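Residues 11 to 312 in our numbering are what the sequence shown spells out, letter by letter.
Don't be surprised by glycine CBs; every beta carbon is placed ideally from N, CA and C.
Because the structure is a prediction, the values reported are computed rather than measured.
Below: one structure, written as structure tokens.
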Amino acid sequence: RNCSHRNMNTESGNKRPRQEDAKPVNPSSKPVGAAASIFGEPFPNQDLLHQVVLFFVRNVDSPQVEVEAKLGVLIDTASNARACSLIPIASEAILHPEATVGVRFESAVDLNAYKELNMRLNKRTEVSARGDAANRIKYARSCERVELLRDNVRRVHAMDRQRKPLDKPPRLERKTRMEDLNIVEPNHLFDLRLSASREEPIDESSLSNSSASGERIKERVSYRFRDFSVDLTSVQPGGAKPAGAAAAAVYEVEIEADAEGAAAAVARYREGETGDLLRICTEMLGNIYALLACAESVHNNT
Numbered sequence: 011r012n013c014s015h016r017n018m019n020t021e022s023g024n025k026r027p028r029q030e031d032a033k034p035v036n037p038s039s040k041p042v043g044a045a046a047s048i049f050g051e052p053f054p055n056q057d058l059l060h061q062v063v064l065f066f067v068r069n070v071d072s073p074q075v076e077v078e079a080k081l082g083v084l085i086d087t088a089s090n091a092r093a094c095s096l097i098p099i100a101s102e103a104i105l106h107p108e109a110t111v112g113v114r115f116e117s118a119v120d121l122n123a124y125k126e127l128n129m130r131l132n133k134r135t136e137v138s139a140r141g142d143a144a145n146r147i148k149y150a151r152s153c154e155r156v157e158l159l160r161d162n163v164r165r166v167h168a169m170d171r172q173r174k175p176l177d178k179p180p181r182l183e184r185k186t187r188m189e190d191l192n193i194v195e196p197n198h199l200f201d202l203r204l205s206a207s208r209e210e211p212i213d214e215s216s217l218s219n220s221s222a223s224g225e226r227i228k229e230r231v232s233y234r235f236r237d238f239s240v241d242l243t244s245v246q247p248g249g250a251k252p253a254g255a256a257a258a259a260v261y262e263v264e265i266e267a268d269a270e271g272a273a274a275a276v277a278r279y280r281e282g283e284t285g286d287l288l289r290i291c292t293e294m295l296g297n298i299y300a301l302l303a304c305a306e307s308v309h310n311n312t
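Shown next, in the form of structure tokens:
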């Protein structure tokens, strides 16, 4: 079955806002990635990049909004099959919001891909330490116990490498999803999802009910490079398994744009200065596709 056709006929109450209805403020008249044509006018030849730029403009209105891109798989919930196997496309494509009803995104890679990425990023970090300071990769590790509360609120407890609590107060934050951009990749092992979310610190006294509905342990390795952070995260249910039980873990790969830099670039874009945002989006796409190629290389070599 064609999942795109099926989802287009769902009841209007379940439909998400149409992309054409969410127009950016004062967008550039020149398409992103445009090249001069025989008629002397610019002609767009990088529509994916153009759509990512507009995604930033639609959503980023302050440094509290984070934009991240993840590797994973888009699954048709009715058949439990990968969405790209049900859509007649031969190359990458952004799913229309109405076509994502009945499609879920599983944000995960397999353990072998996760280890391959970890190894290669560690090597790149070592090499960058001998190069120019502006291009050095900054490496950091963290461990957190995350309590899931009501209304998209999380209580985050810092832990050490042995998963013992650190002597510091937990932080409370509300993370509200604003929009997703789902990219189907029929020629690759993984699909992509860009997400924009608003993160706001909140006070414990503002919670009507502070009991947790769930808990997760997150062990993360972060590689900071220029305007981005590449994060490899192992996620386990809190308290469900001992520290060495990797079978219960989910392995996530994402790249996140620097929130302050993105907000400033979008503000300049709205004033007609498009260069900084175009650079950020170009580099973000380039890096997520580099991560995608690295993650699937371990399977191509077997």
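Which listed residue (the options) has its alpha carbon closest to that of residue i
i              : options                           : result
leucine 158    : Arg208, Pro247, Thr284 and Leu191 : Pro247
leucine 199    : Glu102, Glu76, Leu59 and Val260   : Glu102
methionine 188 : Leu58, Phe65, Leu59 and Gln61     : Phe65
aspartate 170  : Ala273, Ser152 and Val163         : Ser152
arginine 160   : Arg184, Thr292 and Ala273         : Arg184
aspartate 286  : Pro98, Glu266 and Val63           : Val63
asparagine 145 : Asn132, Arg68, Ala277 and Asp237  : Asp237
asparagine 310 : Ser232, Leu182, Asn192 and Ala123 : Ala123
arginine 280   : Phe49, His60, Ile48 and Asp71     : Asp71
aspartate 177  : Glu154, Asn162, Leu191 and Ile193 : Glu154
glutamate 108  : Ser223, Leu191 and Leu121         : Leu191
histidine 60   : Ile99, Ile104 and Gly82           : Ile104
threonine 110  : Leu121, Ala267, Ala93 and Asp120  : Ala93
isoleucine 290 : Asp268, Ser307 and Arg140         : Asp268
valine 194     : Val240, Phe49, Ser95 and Ile48    : Ser95
serine 223     : Glu266, Ser216 and Val156         : Val156
leucine 121    : Thr186, Ala91, Leu217 and Val260  : Val260
Bridge-paired residues (DSSP) for residue i
i              : result
glutamate 214  : Paired residue(s): none; glutamate 214 is not in a bridge.
glycine 282    : Note: glycine 282 sits in no beta bridge, so no partner.
lysine 148     : Arg234
tyrosine 261   : Val119 and Ser244
isoleucine 193 : Ile104 and Leu202
methionine 188 : According to DSSP, methionine 188 bridges with nothing at all.
proline 175    : Met169
serine 239     : Arg234 and Glu266
cysteine 153   : Met169 and Glu229
glycine 224    : Leu158
leucine 182    : Arg165
arginine 289   : The partner list for arginine 289 (beta bridge, DSSP) is empty, contrary to what the question assumes.
glutamate 306  : Note: glutamate 306 sits in no beta bridge, so no partner.
arginine 208   : Val75 and Thr186
Cβ-based neighbour list, residue i, same chain, cut-off 7 Å, excluding 5 preceding and 5 following
i              : result
glutamate 262  : Lys80, Ser117, Ala118, Thr243 and Val245
leucine 127    : Leu242, Val263, Leu301, Cys304 and Ala305
threonine 292  : Leu59
isoleucine 147 : Arg134, Thr135, Ser138, Tyr233, Arg234 and Phe235
isoleucine 298 : Ala79, Leu202 and Ile265
threonine 186  : Asn162, Ser207 and Arg208
alanine 272    : Phe66, Val70, Val77 and Ile290
Cutoff 6 Å; reference residue i; Cβ partners in own chain excluding five residues on either side
i             : result
arginine 114  : Ile85 and Thr87
proline 211   : Glu183
alanine 150   : Ser232
valine 240    : Tyr233 and Ile265
glutamate 343 : With the chain represented from 11 up to 312, any question about residue 343 goes unanswered, as that position is not in the structure.
Neighbour flag for residue i against chain B, beta carbons, 8 Å
i           : result
proline 107 : Protein chains in the displayed structure number just one, and chain B is not present.
Beta-carbon contacts of residue i that lie in its chain and below 8 Å, excluding the five residues immediately before and after
i              : result
glutamate 270  : Pro73
valine 276     : Phe66, Val67, Val70, Asp71 and Leu287
serine 307     : Glu126
alanine 168    : Ser152, Cys153, Glu154, Pro175, Leu176, Lys178 and Pro180
alanine 274    : Asp286
asparagine 132 : Tyr149
alanine 91     : Ile85
glutamate 283  : none
Presumed contact (8 Å Cβ cut-off) between residue i and residue j, rounded CB distance
i             : j              : result
valine 75     : arginine 208   : 5 Å
leucine 182   : aspartate 142  : With a Cβ gap of about 39 Å, leucine 182 and aspartate 142 do not count as contacting.
proline 180   : valine 166     : 6 Å
aspartate 201 : glycine 82     : 6 Å
proline 175   : isoleucine 99  : That pair is no contact at about 48 Å.
serine 205    : glutamate 78   : 6 Å
arginine 278  : isoleucine 227 : Arginine 278 to isoleucine 227, Cβ: 40 Å. No contact.
4 or more residues per run - each alpha helix (DSSP H) lying fully within the region 52–136 | 57–69
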